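Numbering-wise (the UniProt record's numbering), the sequence shown opens with residue 1 and increments by one. Glycine residues also receive a C-beta, built at the ideal position from the N, C-alpha and C atoms. Every value quoted in this text rests on a predicted model; they were computed, and no experiment measured them. A quick write-up on the structure given underneath.
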Amino acid sequence: MKTLAANSSLPAEPLTDEIPLSLWGRDDLRVLPWERDPVDLGFHSYTYLVGSDSDRYVAKCVPAAQGPKFTSGLTVALVVEEHGIPAGGPLPTARGEITAYHGEWCWALLRHLDGGRADENDPVHMRRAGETLGAIHTALVGTPAPPDILSWDHLDIMMVDEAPFLEDKPWIQQAMCEAYETVAGKVTVGLLHADASMNTFRVKPDSMGLFDWGEVMYGPLLFDVATALSYLDRSVDVGPLLRGYIAKSPVPPSELPHLGALLKFRAAAEAWIYARREWVGNDIGNIGDLSNANLLDRARKNLASAEQDGERFLRQYE
Numbered sequence: 001m002k003t004l005a006a007n008s009s010l011p012a013e014p015l016t017d018e019i020p021l022s023l024w025g026r027d028d029l030r031v032l033p034w035e036r037d038p039v040d041l042g043f044h045s046y047t048y049l050v051g052s053d054s055d056r057y058v059a060k061c062v063p064a065a066q067g068p069k070f071t072s073g074l075t076v077a078l079v080v081e082e083h084g085i086p087a088g089g090p091l092p093t094a095r096g097e098i099t100a101y102h103g104e105w106c107w108a109l110l111r112h113l114d115g116g117r118a119d120e121n122d123p124v125h126m127r128r129a130g131e132t133l134g135a136i137h138t139a140l141v142g143t144p145a146p147p148d149i150l151s152w153d154h155l156d157i158m159m160v161d162e163a164p165f166l167e168d169k170p171w172i173q174q175a176m177c178e179a180y181e182t183v184a185g186k187v188t189v190g191l192l193h194a195d196a197s198m199n200t201f202r203v204k205p206d207s208m209g210l211f212d213w214g215e216v217m218y219g220p221l222l223f224d225v226a227t228a229l230s231y232l233d234r235s236v237d238v239g240p241l242l243r244g245y246i247a248k249s250p251v252p253p254s255e256l257p258h259l260g261a262l263l264k265f266r267a268a269a270e271a272w273i274y275a276r277r278e279w280v281g282n283d284i285g286n287i288g289d290l291s292n293a294n295l296l297d298r299a300r301k302n303l304a305s306a307e308q309d310g311e312r313f314l315r316q317y318e
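Here it is, written out as structure tokens:
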């Protein structure tokens with residue numbers, strides 16, 4: 001059984017002059033001002049806008065221990081881009097590698113996705129987001145799962161293994177196990193983004209892209225849909241997104257009734273993550289009200305309403 005270190009300290013946030021842009025052989029790049037909403041800052045990494053007179057990129061780093069998974073996720077982004085879908089994929093280093101280790105961090109230089117943020121209150125944007133996600137899943141059919149990513153059938157560390165931060169929260173693993181058993185063997189599986197939201201889509205007149213591929217996993221494709229839906233306000237009509245997704249994806253509409261169980265799994269998995277973050281002292285991205293404690297409370301509320309939300313989404317699809 002894997003063990004987890006107590007209150008492990010994270011590396012200090014890199015300063016802008018510590019970004020190793022020379023590893024990409026790009027002496028023309030410089031760090032640029034970048035104002036963003038707190039929800040865009042991320043909980044597992046640091047990102048910086050860099051550019052030259054003509055190009056824009058994102059320098060992203062994760063703790064070195066997460067480097068193998070990060071690197072594998074970016075290989076999937078490259079496959080998506082090969083199918084003509086913008087994905088913010090990595091530029092190769094001067095050595096031809098996808099990522100580079102420097103100090104306590106694993107770094108990537110990513111293509112910056114131009115375009116506006118997808119609007120959850122715009123039915124056209126919602127339809128295009130669903131179509132884009134469905135097209136991505138179709139593009140990835142048959143792509144072998146890279147090493148070091150999470151797999152739906154090997155989640156014992158989350159679903160079964162004991163952990164000190166779960167001692168007073170048995171409901172987390174109970175909910176994950178219940179949701180897993182509900183959908184096991186009944187849904188289409190494959191490579192998926194695993195953290196898609198309307199914040200990670202970018203819209204242009206002739207295209208829509210999806211970025212932030214550091215959490216790729218192998219599992220139910222509808223988990224991506226459930227994840228995207230879990231971030232939306234209750235007032236949003238999700239019908240256009242679901243219809244767009246089914247039109248372009250390899251998933252048949254007969255699987256949509258399993259959305260409730262996948263929403264339940266998503267909420268429980270988030271609760272596990274935020275409980276662990278609080279225990280180990282990980283506060284990356286905890287800005288304003290986005291504390292680990294508040295996010296854990298939000299996950300518990302989402303868990304309580306997951307099955308009803310799934311039924312509501314299904315009605316909006318129909």
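Closest by CA to Y218, which one among P146, G25, P253, Y48?
Nearest to Y218 by alpha-carbon distance, out of P146, G25, P253, Y48, is P146.
Is it buried or exposed for E120, if we count other Cβ within 10 angstroms and need 16 for buried?
Residue burial is scored here from C-beta neighbours: E120 has at least 16 other C-beta atoms within 10 angstroms and is therefore classed as buried.
Per DSSP, which one or two residues make a beta bridge with P90?
Beta-bridge partners assigned by DSSP to P90: L110.
Find out if the Cβ-Cβ distance for the pair G260, D224 is shorter than 9 Å.
9 Å or more divides the Cβ of G260 from the Cβ of D224.
For R95, is the classification buried or exposed, using 16 other Cβ atoms within 10 angstroms of its Cβ as the cut-off for buried?
Exposed, by the Cβ-count rule.
Neighbourhood of V187 by C-beta, 7 Å cutoff - its chain only, sequence neighbours within 5 removed
Only P220, L222, E255, H258 meet the Cβ criterion.
For I19, does the three-state DSSP call read helix, strand or coil?
In the displayed model, I19 falls within coil according to three-state DSSP, outside both helix and strand.
In terms of residue numbering, what span does the beta strand (DSSP E) encompassing M217 cover?
Start and end: 217-220.
Using only the alpha-carbon positions, how far apart do P92 and V76 sit?
Straight through space, the alpha carbons of V76 and P92 are spaced by roughly 14 Å.
May I have a chain-ordered list of the beta strand (DSSP E) segments no shorter than 3 residues that lie completely inside the segment 184-221?
List check, beta strand (DSSP E) in window: 189-192, 201-204, 207-210, 217-220.
Note down, one range per segment and in chain order, each alpha helix (DSSP H) of at least 4 residues found wholly within the segment 237-290.
Listed in chain order, the alpha helix (DSSP H) runs fully inside the segment 237-290 are 239-248, 259-280, counting runs of at least 4 residues.
For the structure I just gave you, are there three or more beta carbon pairs, one from the segment 272-284 and one from the segment 189-200, closer than 8 Å?
With a cut-off of 8 Å on Cβ pairs, the segment 272-284 is not in contact with the segment 189-200, counting fewer than three such pairs.
Excluding sequence positions up to five away, which residues of its chain have a Cβ less than 8 Å from the Cβ of N7?
The pLDDT assigned to N7 is 40, lower than 50, so where the model puts this residue is not dependable, and the model offers no usable value.
Assuming G67 is part of the alpha helix (DSSP H), what are its boundary residues?
Note, G67: alpha helix (DSSP H), 67-82.
Ordered along the chain, which non-local residues of its own chain (more than five positions away) have a Cβ less than 6 Å from that of P68?
Answer for P68: D148, listed in chain order.
Expressed to the nearest angstrom, what Euclidean distance is found between the alpha-carbon atoms of L241 and P164?
If I take the Cα positions, the gap works out to 39 Å.
Ordered along the chain, which non-local residues of its own chain (more than five positions away) have a Cβ less than 7 Å from that of C61?
Closer than 7 Å at Cβ, skipping near neighbours: P14, S45, Y46, W105, C106, W107.
For A226, I'd like the list of residues in its chain whose CB is within less than 7 Å of its CB, leaving aside the five on either flank, ordered along the chain.
So the list reads L259, L262, L263, R266, once near-sequence residues are dropped.
Tell me, to the nearest whole angstrom, how far the beta carbon of A59 is from that of L113; I am working on the premise that it is less than 8 Å.
Cβ atoms of A59 and L113 stay farther apart than 8 Å, at about 15 Å.
Which whole-angstrom value is the C-beta distance of R117 and Y57, which I expect to be below 8 Å?
With a Cβ gap of about 19 Å, R117 and Y57 do not count as contacting.
Per-residue burial, V124 [other beta carbons within 10 Å of its own, 16 or more giving buried]:
Classification for V124: exposed.
Here's the rule: buried if 16 or more other CB atoms are within 10 angstroms of the residue's CB, otherwise exposed. What is R36?
By the C-beta density criterion, R36 is exposed, having fewer than 16 other C-beta atoms within 10 angstroms.
For A135, collect the residues of the same chain with a Cβ closer than 7 Å to its Cβ; drop the 5 residues on either side in sequence, then sort them by chain order.
By the criterion of a C-beta distance shorter than 7 Å, A135 is surrounded in its chain by I85, K248, once the five residues flanking it on both sides are discounted.
DSSP three-state label for A12, please.
It is coil, neither helix nor strand.
Looking at V80 and A139, is the spacing between their C-beta atoms short of 9 Å?
Going by beta carbons, A139 and V80 fall inside the 9 Å limit.
Once DSSP output is grouped into helix, strand and coil, what is the label at H154?
Reduced to three states, the DSSP call for H154 is coil.
Can you look up Y101 in the DSSP assignment and give me helix, strand or coil?
Strand, per DSSP.
Once the 5 residues before and after P33 are set aside, which same chain residues still bring their CB inside 8 Å of it?
Excluding residues up to 5 positions away in sequence, L49 lie with their Cβ nearer than 8 Å to the Cβ of P33 in the same chain.
Residues in its own chain within less than 8 Å of K169 by CB, not counting five upstream and five downstream?
Apart from the 5 residues on each side of it in sequence, K169 sits with its Cβ closer than 8 Å to the Cβ of A271, A275 in its chain, given in chain order.
Whole angstroms is fine: what's the gap from residue 327's alpha carbon to F211's?
Since the displayed the chain opens at 1 and closes at 318, residue 327 lies outside it and no answer follows.
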